[in-house]
Structure formats: C-alpha cells, structure tokens
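**Q**
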Amino acid sequence: MKRRNYSPHTVKNYLNLLKGFVVWVDVPIEEVTKKKVAAYIDYLLAKGLAPKTINCHLISIRGFYDYLHYEEDIELTNPVKRGALLRLPRPLPRHLKDHEVGRLFEVIESPRDRAMFSLMLRCGLRVEEVAELSLADIDVRRARISIENGKGAKGRVVYVSRDAYKALVAYLKVRPSSRAKRIFVVEKGAYRGKPLSVRGIQKRMEYYARKAGFKVSCHQLRHTMATQLLNADAELVTIQDLLGHSLITTTQRYCRVSNLKVQRDYYKAMEIVMKRTMVPQRSSAGGRGEISPQASSSPEPPYSQ
333 MKRRNYSPHT
343 VKNYLNLLKG
353 FVVWVDVPIE
363 EVTKKKVAAY
373 IDYLLAKGLA
383 PKTINCHLIS
393 IRGFYDYLHY
403 EEDIELTNPV
413 KRGALLRLPR
423 PLPRHLKDHE
433 VGRLFEVIES
443 PRDRAMFSLM
453 LRCGLRVEEV
463 AELSLADIDV
473 RRARISIENG
483 KGAKGRVVYV
493 SRDAYKALVA
503 YLKVRPSSRA
513 KRIFVVEKGA
523 YRGKPLSVRG
533 IQKRMEYYAR
543 KAGFKVSCHQ
553 LRHTMATQLL
563 NADAELVTIQ
573 DLLGHSLITT
583 TQRYCRVSNL
593 KVQRDYYKAM
603 EIVMKRTMVP
613 QRSSAGGRGE
623 ISPQASSSPE
633 PPYSQ
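Numbered according to my numbering, the sequence shown spans residues 333 to 637.
Put into structure tokens, the structure is as follows:
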C-alpha cells in the first residue's frame, strides 16, 4: 500500500480492519474458505455494521490474500471472490436549503469557525482538506486555494468567493500566534496553537447544529455548494473540477437532487412543443377548447401561478 502511495491514515485503517478478521477467524489463514468469509459477513451484520463498512472489511481481506499470493508466492485461493461486496444504497446527497444556510451561519460567531465553514460552503472543501490547509496553500492576490493532497492524492485549485474571502481574512487577523503551518488552530486550553483536528472541526459543527436546531454535517456544506452552483447554471464539468471528482457520474448525482436548471429547461422546451402539437382539451362547460401556452422563465409551472 505504501508503494502505491496510500495515505498513512488509509494504511492504518486497512490494518485495523484486517486485525478484526484475524482475531475472529478460528482456522489458519491458509484454510479460510468462501463459506468462512460468508460467516464473517453474517457476524458483521449481526453487530449492526453498515454495508459500506462491511465492504471495507472485505476489500481489506481480499487485498491481504492477493498480497499472500502475488508477493509471498503462497499457493492459495482468495476466499473473497469478486462480486462478494454487499449492494449499497445510493442515497441522494442531502444539501441545505437557503434559509437553513442562513440560520446556521447566524449562530456561528467565532471568526475561525465562520472561516472554516465558509470554505466548505463556498469552495466545496472536505473537512480533511480544511484541517490540512496551510498558509502556503492560499493565493491571496488571486483569491484561490491550492489543494495539494485531496482525496485519492489528487490536487486541484479552488476559488474563494467574496464572502468566504472576507471570513478568512477576518480570522487571520485574530489567529493566535503559533508556529504551526496549518491555518486553523486550537484557540483555548492546553493545546492552544496546535493544529485543529478533523474530529475537532466536526465537533464544532455538531455544536452549531444543536444551536441552529437541525441536523447538519460538514460534508453537507460541500453538497450544498455543488447544488447551488448547479442551480445557478454552472456547467457540470466545472463543478466536477471544483469538487475534485474523478468521474462525472459522481457529480451527476446532484442533478437528481434539486436541479432548477432542468425545471427551467423543461418548461421552456415544453412551451415550444405544445405550440407545435396542440392537444385539444375539454372546457369546464363540457365543450372543447385548447391550451393557450404562455412562455415563462420561472422554474415554477406557469399554470400553477
């Protein structure tokens, strides 16, 4: 995994998953069968683990047996066959509505926290990317940020909106003096000046969610940014580039959430269609009448106004 340039966090996580299997299994590693792996899946399901988590276990085990076969030249059959992963639900990304965004930021008074969450909302940064952000990553003059090591070790450039730029500058003016290269640091207590951890950022969001009175996570701010850009007619490939998605199909999921552009295009095109192919309609008095289309640029159905 290190030769493939996986992050230390990923390597540690895979080892922990593999350790759980090794502790559970009651036969020598070389004698594990597909039936034994199926029993392990049942064991994990009984523990209440989510299908996505169980799949991580299976991927770790499969990778380990591939290692034994190809790296250690041990003659064995991989007990985790291809296609053994559990089917995953594909829930739509949940984003915040405009009034929810307003209510959330109303309760965020800390300049540091406003800067952190503004970067998630306006730049689409992941919580890990915010935690690892350093002063060297920010091009103040051009109002853009270089993400050097995003998910999957992919780099990208994101741009900073006017309000997020003001929030970031306001925080930097009051940032505690620290030798840490990371921008966001602990402000109080024994760890004052130390880099703020991912969990520390998530706990701040949980605190503000309670104050705002509704559930919200850091990642939902990223979803919100994508949905808002889509509704503002931004191109899908642009959103893909800003979010750092490898596949356009990942970005396309936002089209199924709240795509006002699709609504506008539908009603605009349908007005043209109806003018070409009029469908006779019965009037309320029992006679025959026709639809009289009216062009509308509103995303709402023109006939519901």
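Every residue gets a Cβ at the ideal spot worked out from N, C-alpha and C, and that includes glycine.
Pick from Ser510, Cys455 and Ser529: whose alpha carbon is nearest that of serine 493?
**A** Reading the sequence shown from its first residue, position 161 is the one you call residue 493. Measuring from the Cα of serine 493, the nearest candidate turns out to be Cys455.
**Q** Looking at the unbroken beta strand (DSSP E) that takes in isoleucine 479, where does it start and where does it end?
**A** Here the question's residue 479 lines up with position 147 in the sequence shown. Per DSSP, isoleucine 479 belongs to the beta strand (DSSP E) from 476 to 479.
**Q** With a 10 Å radius around its C-beta and 16 neighbouring C-beta atoms as the bar for buried, classify serine 636 as buried or exposed.
**A** Along the sequence shown, one-based indexing puts residue 636 at 304. In this prediction, serine 636 scores a pLDDT of 49, lower than 50, which makes its location untrustworthy; the coordinate-derived value is nonetheless stated afterwards. By the neighbour-count rule (16 or more Cβ atoms within 10 Å), serine 636 is not buried but exposed.
**Q** Tell me the DSSP secondary structure of isoleucine 644 in three-state form.
**A** With the chain covering only 333 through 637, there is no way to say anything about residue 644.
**Q** Confirm, please, whether the CB-CB distance from tyrosine 491 to alanine 468 is below 8 Å.
**A** Start at 1 with the first residue of the sequence shown, and residue 468 comes out as number 136. Start at 1 with the first residue of the sequence shown, and residue 491 comes out as number 159. Not in contact: alanine 468 and tyrosine 491 (Cβ atoms no closer than 8 Å).
**Q** Taking Cβ positions, are threonine 559 and histidine 431 nearer each other than 8 Å?
**A** What you label residue 559 is simply residue 227 of the sequence shown in a count that begins at 1. What you label residue 431 is simply residue 99 of the sequence shown in a count that begins at 1. No, Cβ-Cβ distance for threonine 559 and histidine 431 is not below 8 Å.
**Q** How long is the line joining the alpha carbons of alanine 370 and glutamate 438, rounded to whole angstroms?
**A** As a working mapping, residue 370 is identified with position 38 in the sequence shown. As a working mapping, residue 438 is identified with position 106 in the sequence shown. Rounded to the nearest angstrom, the two C-alpha atoms are 50 Å apart.
**Q** Which two residues bound the contiguous beta strand (DSSP E) that contains arginine 435?
**A** Translated into positions along the sequence shown, residue 435 becomes position 103. DSSP places arginine 435 outside any beta strand (DSSP E); the residue lies instead in the alpha helix (DSSP H), whose first and last residues are 430 to 438.
**Q** Could you spell out the range, first to last residue, of the alpha helix (DSSP H) harbouring valine 569?
**A** Sequence index remark: in the sequence shown, residue 569 carries index 237 (1-based). Unbroken alpha helix (DSSP H) run through valine 569: 568 to 575.
**Q** Spatial neighbours of aspartate 445 within its chain, please: CB distance less than 6 Å, with the 5 preceding and 5 following residues excluded, ordered by chain position.
**A** The residue labelled residue 445 in the question sits at position 113 within the sequence shown. Hits under 6 Å: Arg536.
**Q** Cβ atoms of tyrosine 397 and asparagine 387: under 8 Å apart, would you say?
**A** Start at 1 with the first residue of the sequence shown, and residue 387 comes out as number 55. Start at 1 with the first residue of the sequence shown, and residue 397 comes out as number 65. Cβ distance not < 8 Å, so asparagine 387 and tyrosine 397 don't count as in contact.
**Q** Could you tell me which residues DSSP puts in a beta bridge with valine 489?
**A** In the sequence shown, counting from the first residue as 1, residue 489 sits at position 157. In DSSP, valine 489 forms a bridge with Ser478.
**Q** Could you give the residue range of the alpha helix (DSSP H) that holds arginine 542?
**A** Residue mapping note: residue 542 aligns to position 210 of the sequence shown, counting from 1. Counting along the chain, the alpha helix (DSSP H) containing arginine 542 begins and ends at 530 to 544.
**Q** Identify, in the order they occur along the chain, each residue of the same chain with its Cβ nearer than 6 Å to the Cβ of leucine 500, setting aside the five sequence neighbours on each side.
**A** Taking the sequence shown and counting its residues from 1, one reaches residue 500 at position 168. Taking leucine 500 as the centre and dropping the five residues before and after it, the same chain places the C-beta of Ala447 closer than 6 Å to its C-beta, in chain order.
**Q** Could you name the residues of the same chain whose beta carbon sits closer than 8 Å to that of histidine 401, not counting the 5 residues immediately before and after it, in chain order?
**A** Here residue 401 refers to the residue found at position 69 of the sequence shown. Result list for histidine 401: Glu407, Leu408 and Asn410, in chain order.
**Q** Considering lysine 520, what are the terminal residues of the alpha helix (DSSP H) in which it resides?
**A** Taking the first residue of the sequence shown as position 1, residue 520 is located at position 188. First-last for lysine 520: undefined, no H or E at that position.
**Q** Measuring only the C-alpha atoms, how far is isoleucine 391 from isoleucine 604?
**A** Indexing the sequence shown from 1 puts residue 391 at position 59. Indexing the sequence shown from 1 puts residue 604 at position 272. About 52 Å.
**Q** For glutamate 519, which residues in the same chain have their Cβ closer than 7 Å to its Cβ, ignoring the five residues on either side in sequence?
**A** Counting from 1 along the sequence shown, the entry for residue 519 is found at position 187. Same-chain partners within the cutoff: Arg444 and Pro508.
**Q** Exposed or buried, which one is methionine 557 when buried takes at least 16 other CB atoms within 10 Å?
**A** In the sequence shown, residue 557 corresponds to position 225, counting from 1. With 16 or more neighbouring CB atoms inside 10 Å of its own CB, methionine 557 falls in the buried class.
**Q** For tyrosine 539, count the other beta carbons within 10 Å of its own beta carbon; 16 or more makes it buried, fewer makes it exposed. Which is it?
**A** Translated into the one-based positions of the sequence shown, residue 539 becomes position 207. With fewer than 16 other Cβ atoms within 10 Å, it is exposed.
**Q** Under a three-way DSSP split, which group does serine 450 fall into?
**A** One-based indexing of the sequence shown puts residue 450 at position 118. Three-state DSSP puts serine 450 in a helix.
**Q** Which of the three DSSP states, helix, strand or coil, is assigned to arginine 514?
**A** Translated into the one-based positions of the sequence shown, residue 514 becomes position 182. Three-state DSSP puts arginine 514 in a strand.
**Q** Roughly how far, in whole angstroms, is the beta-carbon of phenylalanine 353 from the beta-carbon of isoleucine 393, given that I think they are within contact range, below 8 Å?
**A** Start at 1 with the first residue of the sequence shown, and residue 353 comes out as number 21. Start at 1 with the first residue of the sequence shown, and residue 393 comes out as number 61. With a Cβ gap of about 5 Å, phenylalanine 353 and isoleucine 393 count as contacting.
**Q** So lysine 366 and lysine 413 are supposed to be a Cβ contact under 8 Å. How far apart are they, rounded?
**A** Taking the first residue of the sequence shown as position 1, residue 366 is located at position 34. Taking the first residue of the sequence shown as position 1, residue 413 is located at position 81. The pair is a contact, with the Cβ atoms about 6 Å apart (cut-off 8 Å).
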